[in-house]
Amino acid sequence: MVKAVVGANWGDEGKGKITDTLAEEADIIVRFQGGANAGHTIVNNYGKFALHTLPSGVFYGHTTSIIGNGVALNIPILMDEIASIVNRNVPKPKILVSDRAQVVMPYHVLLDQYEEERLAGKSFGSTKSGIAPFYSDKYAKIGFQVSELFEEALLREKVARVVEMKNVLFEHFYHKPLIDAAELLDTLHDYRDKIAPYVCDVSAFLDTAIKEGKTILLEGQLGTLKDPDHGIYPMVTSSSTLAAYGAIGAGIPPYEIKQIITVCKAYSSAVGAGAFVSEIFGEEADELRRRGGDGGEFGATTGRPRRMGWFDCVASKYGCRLQGTTDVAFTVLDVLGYLDEIPVCVGYEIDGEVTTDFPTTAKLEKAKPVLKTLPGWKCDIRGIKNYEDLPQNCRDYVEFIEEQIGYPITMVSNGPGREDIIYRSQS
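Add 37 to a position in the sequence shown, counting from 1, and you land on the number used in this note's numbering.
Written out as structure tokens, the structure is:
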């Protein structure tokens, strides 16, 4: 059975924790899109980890972790990440990398940095990891597939051709030092030697696994609102964040995805620029940021303070619909225990009219939140294992949001650890 774990909103919803929890019962975990530009924070028996490329199931000895063809593969970062967990006494995971995945090149990272520098105040809030230049080259058909690293004649010819093209940009547009083709070729030889032990025909491997009845988790990066087609364009990422893309980014048929677990936070947060209707500021935001997550709301990749807001029913209903949600995992509910009252965004006011439908970006920029305030529960809910044992106001909050978004909340996370999860049956 294939299950997808994806985000409903801007990313940072707690997908890593949910994947790590579900991986106990899984055989294979697949990262199917994105690169090292975002991270998943995991807290388990080995400690606290921020993963960027590795799937969140790597901490279990029985699982196989896969980097799918849809991923922007930064080979040095992947190698460093493997070393970083093994050095902390995690058994070396079994990892496979698709021979059709494409490689983040050193010049992609430079181009990302130079472009953000050039745009200055009009920048896209990139993490400067090379992701947009990488996907641009992939679709311009001048990217490097992992399989091509092992074809020396092809590699030499392609390096010469691509360097000639890139150097026009470096010299005349950015006024930066040129790329040396011989140096780049040496770097790619080094990448080839490092990645060689992991390379596999992932699509064929997964086809066999599906026929054998294995449990496969597809792990997405970021969330619906960062999708290049359906998100807050242009303040989006460069690959599809939707569960539907999981089939493409892993190389499996779409009908094999039987369960789509969409992760929603009990409040909102976002890293990077873009419209954020329920955003809060000042001391109110600072306190929620300090209490949020495990050790505060700061980006797992950048360390940037996340922008904070109340739960957004409009964005979350839309996010769940686009994902094809079968189950909602509701995370960090415990964080809200300090509040007397909890505002929830239930609609957007745009040009004097209230809507509960998520609009396109130009209209979104004008939207003001319509808030409804619910009573808080004013206590610590960590350690509670049964939904019925949560305070009444806490259950009322979960059920109000479930009704607003229209998708069943079947998992409630009330702490950072694997064991801090309440499974909620649907009557």
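Cβ atoms here follow ideal geometry from the backbone N, Cα and C, with glycine treated the same way.
Next on the checklist: Quick check on this structure: which residue in Asp57, Met272, Gly260 has the alpha carbon closest to the alpha carbon of Gly356?
Outcome noted: By one-based count along the sequence shown, residue 356 stands at place 319. The candidate whose alpha carbon is nearest that of Gly356 is Gly260.
Checklist entry - Whose CA, out of Ile114, Gln441, Lys295, lies closest to the CA of Val146? => result Within the sequence shown, residue 146 is the residue found at index 109, counting from 1. That would be Ile114, whose Cα lies nearest to the Cα of Val146.
Checklist entry - Which partner residues does Val449 have in the DSSP bridge list? => result Within the sequence shown, numbered from 1, the residue matching residue 449 stands at position 412. DSSP, once it has assigned bridges, lists Phe367, Ile459 as partnering Val449.
Next on the checklist: Let me confirm a value: Glu154 is counted as buried when at least 16 other C-beta atoms fall within 10 Å, else exposed. Which label applies?
Outcome noted: Here residue 154 refers to the residue found at position 117 of the sequence shown. Classification of Glu154: exposed, given that the 10 Å Cβ count is below 16.
Next on the checklist: Considering just the uninterrupted stretch of the alpha helix (DSSP H) at Thr398, what are its terminal residues?
Outcome noted: By one-based count along the sequence shown, residue 398 stands at place 361. Residues 398–401.
Next on the checklist: Taking the straight line between their C-alpha atoms, what separation do you get for Ala312 and Lys248?
Outcome noted: Here residue 312 refers to the residue found at position 275 of the sequence shown. Here residue 248 refers to the residue found at position 211 of the sequence shown. Cα to Cα, Ala312 sits roughly 44 Å from Lys248.
Item to check | Inter-residue Cα distance where the pair is Cys416 and Ile285 | outcome: The sequence position of residue 416 within the sequence shown is 379, counting from 1. The sequence position of residue 285 within the sequence shown is 248, counting from 1. Distance between the alpha carbons of Cys416 and Ile285: 44 Å.
Checklist entry - Roughly how many angstroms lie between the CA atoms of Ala73 and Thr90, to the nearest whole one? => result Taking the sequence shown and counting its residues from 1, one reaches residue 73 at position 36. Taking the sequence shown and counting its residues from 1, one reaches residue 90 at position 53. Ala73 and Thr90: Cα-Cα distance of roughly 5 Å.
Next on the checklist: Tell me the rounded alpha-carbon separation between Met142 and Pro214.
Outcome noted: One-based indexing of the sequence shown puts residue 142 at position 105. One-based indexing of the sequence shown puts residue 214 at position 177. In a straight line, the C-alpha of Met142 is about 16 Å away from that of Pro214.
Checklist entry - For Asn81, which beta-bridge partners are listed by DSSP? => result In the sequence shown, counting from the first residue as 1, residue 81 sits at position 44. DSSP lists Gly84 as partners of Asn81.
Checklist entry - Is it true that the CB of Thr101 sits closer than 8 Å to the CB of Leu133? => result In the sequence shown, the residue the question calls residue 133 occupies position 96. In the sequence shown, the residue the question calls residue 101 occupies position 64. Yes, the Cβ-Cβ distance between Leu133 and Thr101 is below 8 Å.
Checklist entry - Grouping DSSP H, G and I as helix and E and B as strand, with all else coil, what is Lys129? => result Along the sequence shown, read from residue 1 onward, the residue named residue 129 stands at position 92. Of the three classes helix, strand and coil, the one that applies to Lys129 here is coil, per DSSP.
Item to check | Asn431, DSSP secondary structure in three states | outcome: As a first step, residue 431 must be located in the sequence shown, where it is residue number 394. Sequence check: residue 431 is Cys here, not Asn. In the structure shown, Cys431 sits in a helix (DSSP, three-state: H, G or I).
Checklist entry - Can we say the segment 297–309 touches the segment 365–382, given the rule of at least three CB pairs closer than 8 Å? => result yes
Checklist entry - Is Gln360 near Ala45, with beta carbons less than 8 Å apart? => result For the purposes of this step, residue 360 is taken as the residue at position 323 of the sequence shown. For the purposes of this step, residue 45 is taken as the residue at position 8 of the sequence shown. Yes, they are a contact pair.
Checklist entry - From which residue to which residue does the alpha helix (DSSP H) around Val199 run? => result Stepping through the sequence shown from its first residue, residue 199 is reached at position 162. Counting along the chain, the alpha helix (DSSP H) containing Val199 begins and ends at 189–205.
Next on the checklist: Is it buried or exposed, Gln139, if we count other Cβ atoms within 10 angstroms and call 16 or more buried?
Outcome noted: Indexing the sequence shown from 1 puts residue 139 at position 102. Flag for Gln139 reads buried.
Item to check | Beta-carbon spacing of Val196, Leu110 below 8 Å | outcome: In the sequence shown, counting from the first residue as 1, residue 196 sits at position 159. In the sequence shown, counting from the first residue as 1, residue 110 sits at position 73. Not in contact: Val196 and Leu110 (Cβ atoms no closer than 8 Å).
Item to check | CA-to-CA distance, Asp377 to Arg358, given in whole angstroms | outcome: Position 321 of the sequence shown, counted from the start, is the residue given in the question as residue 358. Position 340 of the sequence shown, counted from the start, is the residue given in the question as residue 377. Taking the straight line joining both Cα atoms gives about 31 Å.
Checklist entry - In this structure, does DSSP put Ser121 in helix, strand or coil? => result Numbered from 1 along the sequence shown, position 84 holds the residue referred to as residue 121. Correct three-state label for Ser121: helix.
Next on the checklist: With H, G and I counted as helix, E and B as strand and the rest as coil, what does DSSP make of Tyr97?
Outcome noted: Residue 97 sits at position 60 when you count from the first residue of the sequence shown. DSSP places Tyr97 in coil when its eight states are reduced to three.
Checklist entry - Glu321: buried (16+ other C-beta within 10 angstroms of its C-beta) or exposed? => result For the purposes of this step, residue 321 is taken as residue 284 along the sequence shown, with counting starting at 1. With fewer than 16 Cβ atoms within 10 Å of its Cβ, Glu321 is classed as exposed.
Checklist entry - Which class does Lys251 belong to by DSSP, given the choice of helix, strand or coil? => result As a first step, residue 251 is located in the sequence shown; it is residue number 214 there, counting from the start. Lys251: coil per DSSP, three-state reduction.
Next on the checklist: Taking contact to mean 3 or more Cβ pairs, one atom from each stretch, closer than 8 Å, check whether the segment 274–294 and the segment 79–94 are in contact.
Outcome noted: no
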